[in-house]
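Sequences listed follow chains A and B, in order.
Position 55 of the first sequence, counted from 1, bears residue number 55 in the working numbering, the numbering being contiguous throughout.
Position 165 of the second sequence, counted from 1, bears residue number 1165 in the working numbering, the numbering being contiguous throughout.
Glycine included, every Cβ here is placed at the ideal spot set by N, Cα and C.
What follows is a single structure, written as structure tokens, with notes after it.
Protein chains: 2
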Amino acid sequence: GRKVLIVYAHQEPKSLNGSLMSIAVEELSKQGCSVTVSDLYAMHFEPRATRNDIVGCLHNSEEFNYGVETWEAYKRGGLSSDLIEEQRKVQEADLLIFQFPLYWFSMPAIMKGWMDRVLVQGFAHEFPNCYDSGLLKSKLALFSFTTGGSREMYAKGGISGDIRYLLWPMQHGIMHFCGVKVLAPHICFAPEYVSEEERKEMLIAWAQRLKTLWKEEPINCSPEWYFK
Amino acid sequence: GRKVLIVYAHQEPKSLNGSLMSIAVEELSKQGCSVTVSDLYAMHFEPRATRNDIVGCLHNSEEFNYGVETWEAYKRGGLSSDLIEEQRKVQEADLLIFQFPLYWFSMPAIMKGWMDRVLVQGFAHEFPNCYDSGLLKSKLALFSFTTGGSREMYAKGGISGDIRYLLWPMQHGIMHFCGVKVLAPHICFAPEYVSEEERKEMLIAWAQRLKTLWKEEPINCSPEWYFK
């Protein structure tokens, strides 16, 4: 059975994001996958990158450098226990699903903190092992999110620009950098402004997609996909 | 005298980011500006968007919606005191400078949390008052940051793509959405991999730019600037 980690960032279980997460757990479990959820708000996940992420002495306590210190701590097994636990979940997973409401053309800060703190050098990348040779290169990722703006606002030529423009930092800058292959994003546009019926259809469409997810080919994660 | 708010996200005062922040305080004060710094790590600024941001009863306690609740709380003066304080600083400022190290093609989570929590509907935007008619439309913003990757990696055709690609969510998706006009970014490429002499030149270049900052014209914040 395949292993899936869902990194989930919504405060309200009754939200559409909450339902999308539950549906993924249900459908993927039904397929025989082993599914783990990191429910970031429920975990009170710490988003701030600080000295507390390193247990014991610093490599250089005169001038704190977060990237260097977490790299050194990773190598000696000295990262904080919450980070070690998240890295274990990532290591075991074949697929990472990120489920969140879009905040300001990006993920909520609590999820950005997960990226900043978990994907440490030495674990997820280690120069020159980045992009196609990133250390997580056998894995897949999928960004599943809801928007405030409508599909029309996020069209090419729309006021908010093609939705693909804002996927570049998340899909290419983070996942591709770590070697992870990216499946097409799953986007529910403006659920707050559609009917209850249409929200139900959004849930059905997600469940349907998940049924054949393992047959999907990753996108070609290069500038052409985003900005062509 | 003009008013400037510097939103600063680095853990280490001795870092290049720390020096860039200090130089901005010094140079702008010398010009007669009144400068305020929000030193996010020193403030232990909370990045997580939660129910704690609303004082008193919720508008809908059956199903928590962060965007709706903070909008309603803003209107009745019921946001948490840290948010009211940051909004007061923004309201007074003519120019916002964001000073940070680039983390994963974006700002560190602690700064993303500042955006998520401070730029509340009703305060910074209120549909249809967004983009050119956003509620902060008399203000300027400038993103000043350091990178891990080199200038070559962030060139058009380079492995990390044109640096402008990653500026879209921050400059257009956040600042332009709130009506803020955006000055050209200030980027120090890969300070960790250059000589002490070159780092000093980076500081001098920033001080020089600040001397004539008020004469600069904002960029044309449209897809052409980013993806042409």
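In whole angstroms, what separates the C-alpha of residue 1036 of chain B from that of residue 1199 of chain B? It is roughly 25 Å from the alpha-carbon of residue 1036 of chain B to the alpha-carbon of residue 1199 of chain B.
At a Cβ threshold of 8 Å, is residue 87 of chain A touching chain B? Not closer than 8 Å to any Cβ of chain B, the Cβ of residue 87 of chain A fails to qualify, so no.
Check whether residue 1143 of chain B and residue 1009 of chain B have beta carbons under 8 Å apart: In this structure, residue 1143 of chain B lies away from residue 1009 of chain B, with their beta-carbon atoms at least 8 Å apart.
Measure from the C-beta of residue 1128 of chain B to each C-beta in chain A and report whether the shortest distance is under 8 Å. For residue 1128 of chain B, not one C-beta of chain A is nearer than 8 Å to its own C-beta.
Residue 108 of chain A at chain B interface by Cβ criterion, 8 Å: So, interface residue.
So, with DSSP's three-state summary, where would you put residue 19 of chain A? Helix, per DSSP.
Examine chain A for any beta-carbon lying closer than 8 Å to the beta-carbon of residue 1147 of chain B, and answer yes or no. No - not a single Cβ of chain A is within 8 Å of the one on residue 1147 of chain B.
Which residues of chain B have a Cβ atom closer than 9 Å to the Cβ of residue 186 of chain A, listed in chain order? Correct list: empty, because the minimum Cβ distance to chain B is about 19 Å.
Within 7 Å of chain A by C-beta, residues of the region 1088-1107 of chain B in sequence order: The region 1088-1107 of chain B vs chain A, Cβ under 7 Å: 1103, 1104, 1105 and 1106.
Where residue 148 of chain A and residue 1208 of chain B are concerned, what is the direct C-alpha to C-alpha distance, given to the nearest angstrom? The straight-line gap from Cα to Cα measures roughly 41 Å.
Whose C-alpha, out of B:1136, B:1201, B:1150 and B:1206, is nearest the C-alpha of residue 1174 of chain B? When only C-alpha atoms are compared, the closest one is B:1136.
Interface positions of the region 158-186 of chain A facing chain B (Cβ-Cβ less than 9 Å), listed along the chain: If the cut-off is 9 Å between Cβ atoms, the region 158-186 of chain A has 159, 160, 161, 162, 165, 166, 168, 169, 170, 172, 173, 174 and 177 near chain B.
Residues sharing a beta bridge with residue 1145 of chain B, DSSP: Answer is B:1100 and B:1187.
Which residues in the same chain as residue 1072 of chain B place their Cβ atom closer than 6 Å to its Cβ, once the five residues preceding and following it in sequence are excluded? The residues are 1059.
Same chain, Cβ closer than 6 Å to residue 225 of chain A, five either side skipped, listed in chain order: Within the same chain, residue 225 of chain A has close Cβ partners 219.
What residues in the region 25-42 of chain A bring their beta carbon closer than 9 Å to a beta carbon of chain B? Listed by position, the residues of the region 25-42 of chain A near chain B (Cβ gap below 9 Å) are 40 and 41.
Between the Cα of residue 118 of chain A and those of A:7, A:3, A:2 and A:1, spot the shortest distance and give me the residue it belongs to. Measuring from the Cα of residue 118 of chain A, the nearest candidate turns out to be A:7.
Taking 8 Å as the CB-CB cut-off, is residue 208 of chain A touching chain B? For residue 208 of chain A, the answer is no, since every Cβ of chain B falls outside 8 Å of its Cβ.
Residues of the region 1002-1021 of chain B in Cβ contact with chain A at a cutoff of 8 Å, in chain order, please. Result list: 1011, 1012, 1014 and 1015.
Beta-bridge pairing of residue 129 of chain A - partner residues as DSSP gives them: The partner list for residue 129 of chain A (beta bridge, DSSP) reads A:126.
Nearest CA to the CA of residue 1054 of chain B: which residue from B:1066, B:1156 and B:1023? Here the closest residue by C-alpha is B:1066.
Residues of the region 1058-1089 of chain B in Cβ contact with chain A at a cutoff of 9 Å, in chain order, please. Those would be 1062, 1063, 1064, 1065, 1066, 1067 and 1068, in chain order.
Please state the DSSP three-state secondary structure of residue 36 of chain A. The three-state reading of DSSP puts residue 36 of chain A in strand, counting E and B together.
Can you give me the start and stop residues for the beta strand (DSSP E) that residue 1068 of chain B sits inside? Counting along the chain, no beta strand (DSSP E) covers residue 1068 of chain B; the unbroken alpha helix (DSSP H) around it starts and ends at 1066-1075.
Please name the residue, chosen from B:1189, B:1120 and B:1145, that lies closest to residue 1134 of chain B on a Cα-to-Cα basis. Among B:1189, B:1120 and B:1145, the Cα nearest to that of residue 1134 of chain B belongs to B:1120.
Beta-carbon separation of residue 1140 of chain B and residue 1095 of chain B under 8 Å? Yes, the Cβ-Cβ distance between residue 1140 of chain B and residue 1095 of chain B is below 8 Å.
Quick one: what does DSSP say residue 1011 of chain B is sitting in, helix, strand or coil? In the structure shown, residue 1011 of chain B sits in coil (DSSP, three-state: anything other than H, G, I, E or B).
Would the region 1043-1054 of chain B and the region 41-57 of chain A be scored as touching if the rule is three or more Cβ pairs under 8 Å? The count of Cβ pairs closer than 8 Å, one atom from the region 1043-1054 of chain B and one from the region 41-57 of chain A, reaches three, so the stretches are in contact.
Run through DSSP, which three-state label would residue 182 of chain A get? Strand, per DSSP.
Any Cβ of chain B within less than 8 Å of the Cβ of residue 131 of chain A? At a cut-off of 8 Å between beta carbons, residue 131 of chain A contacts chain B.
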